[in-house]
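K.L.:
Attaching a single structure in structure tokens format; questions to follow.
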Amino acid sequence: MSVGDGRQLAYAEYGDPDGTPVLFFHGTPGSRLLGGLFEHAARRHGICLLSLDRPGYGRSSPWPGRTLSDTGTFVTAVLDDAGMSDARVVGFSGGGAYALAFAATHGDRVSEIDVISGATPPSFRSSTPAVQRLLGAIGQRTPRALGGLFRLQAWLAGWAPPSVVVSQYTTADGRAEVSEKEAELVAHDFVEAFAKHRTGAVTESRLFTAEWDVSIAEIEHRVRLWHGERDTNVPIDAARELHDRLPNSRLTVLEGADHLTALLRSRTRVCEM
Numbered sequence: 005m006s007v008g009d010g011r012q013l014a015y016a017e018y019g020d021p022d023g024t025p026v027l028f029f030h031g032t033p034g035s036r037l038l039g040g041l042f043e044h045a046a047r048r049h050g051i052c053l054l055s056l057d058r059p060g061y062g063r064s065s066p067w068p069g070r071t072l073s074d075t076g077t078f079v080t081a082v083l084d085d086a087g088m089s090d091a092r093v094v095g096f097s098g099g100g101a102y103a104l105a106f107a108a109t110h111g112d113r114v115s116e117i118d119v120i121s122g123a124t125p126p127s128f129r130s131s132t133p134a135v136q137r138l139l140g141a142i143g144q145r146t147p148r149a150l151g152g153l154f155r156l157q158a159w160l161a162g163w164a165p166p167s168v169v170v171s172q173y174t175t176a177d178g179r180a181e182v183s184e185k186e187a188e189l190v191a192h193d194f195v196e197a198f199a200k201h202r203t204g205a206v207t208e209s210r211l212f213t214a215e216w217d218v219s220i221a222e223i224e225h226r227v228r229l230w231h232g233e234r235d236t237n238v239p240i241d242a243a244r245e246l247h248d249r250l251p252n253s254r255l256t257v258l259e260g261a262d263h264l265t266a267l268l269r270s271r272t273r274v275c276e277m
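Count along the sequence shown from 1, then add 4; that gives the number in the working numbering.
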């Protein structure tokens, strides 16, 4: 679809076309294809899940200067195109920030919120994983070099076994929970994220090193947080801090789960609610 100024935005639909509308925000990096993990649960529970490529990912045009406060500009366009006045929003990993940003700025178009393995503002973390610190620093200083690195990663992911991509989001024990089909989908999602551009990941690597430009204190909706006890991408302490800062939230800690397995374990429960 067109969102003005010649920019294009892509989204995919999963589950029941006539079901309850749910908007899904993929991780960083990611694409609309990750919504496929919800296909069976969404169909079984009467959910129409819209999964969009954020600007600069997959088939969506770049928007290098965007911030979290701009989320409503492209999300409302998706809802309008799908003929939906409002929707539940679900955000995974980096997508959790966008789910909360949309609720903070366009609360009238949000009915409920679920955040799975969600990213948090930097001040909520006692420490940031080394890889994320490195990517953020490169993104700030030499974004073109970071784009080249992501391009190389995507090329390698296209040739390597899916387990190589999955290992970025799971512990050694957690990989046993990921089926072959799920691993293939996660790997395909990673490659699709960089299919046309690298700017989405470069923008967000830089964006997540700074404090958010939206106020989560303004979110009046109930927020359900789902987080893995053994998440090394976003440590559980940061999720607990996010829970404390949100006006109305419930945190479910998934015992033994990591970043990706928290998503796999919670998806059915999210669709049931």
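From the three backbone atoms N, C-alpha and C, an ideal C-beta is built for every residue, glycine too.
Can you name the residues that DSSP bridges to S253?
P.N.:
Stepping through the sequence shown from its first residue, residue 253 is reached at position 249. According to DSSP, S253 bridges with V227.
K.L.:
Please check the pair I120 and G98, which I expect to be a contact at CB under 8 Å, by giving their CB distance rounded to whole angstroms.
P.N.:
Here the question's residue 120 lines up with position 116 in the sequence shown. Here the question's residue 98 lines up with position 94 in the sequence shown. Rounded, the Cβ-Cβ distance is 11 Å, inconsistent with contact.
K.L.:
Considering only heavy atoms of the ligand NAP, does any lie closer than 7 Å to the CB of R155?
P.N.:
Ligands in the displayed structure: none, and consequently the ligand NAP is not present.
K.L.:
Would you mind listing the beta strand (DSSP E) stretches within the segment 147-190 that are 3+ residues and don't spill past its ends, in chain order?
P.N.:
Whole beta strand (DSSP E) segments, 3+ residues: zero.
K.L.:
On a CA-only basis, which of T203, V79, L268 is nearest Y173? Give me that one, please.
P.N.:
Here residue 173 refers to the residue found at position 169 of the sequence shown. When only C-alpha atoms are compared, the closest one is L268.
K.L.:
Can you grab the Cα-Cα spacing for the pair G10 / R234, in whole Å?
P.N.:
Taking the first residue of the sequence shown as position 1, residue 10 is located at position 6. Taking the first residue of the sequence shown as position 1, residue 234 is located at position 230. Those two C-alpha atoms are separated by around 43 Å.
K.L.:
Just list the residues that DSSP pairs A243 with in beta bridges.
P.N.:
Along the sequence shown, read from residue 1 onward, the residue named residue 243 stands at position 239. Looking at the DSSP assignment, A243 forms no beta bridge with any residue, so it has no partner.
K.L.:
Would you call R254 buried or exposed, if buried means 16 or more other Cβ atoms sit within 10 Å of its Cβ?
P.N.:
One-based indexing of the sequence shown puts residue 254 at position 250. The residue is exposed, with fewer than 16 neighbouring Cβ atoms inside 10 Å.
K.L.:
CA-CA distance, S6 and Q12?
P.N.:
Counting from one through the sequence shown, the residue named residue 6 turns up at place 2. Counting from one through the sequence shown, the residue named residue 12 turns up at place 8. Taking the straight line joining both Cα atoms gives about 5 Å.
K.L.:
In the DSSP assignment, find the unbroken beta strand (DSSP E) run with A16 in it and report its ends.
P.N.:
For the purposes of this step, residue 16 is taken as residue 12 along the sequence shown, with counting starting at 1. From DSSP, the beta strand (DSSP E) with A16 extends over 15-19.
K.L.:
Does DSSP classify S73 as helix, strand or coil?
P.N.:
On the sequence shown, residue 73 is found 69 positions in, with the first residue counted as 1. The answer is helix: DSSP assigns S73 an H, G or I state.
K.L.:
Among A243, S55, L38, H201, which has the Cα closest to the Cα of D193?
P.N.:
Along the sequence shown, one-based indexing puts residue 193 at 189. Cα-wise, what sits closest to D193 is L38.
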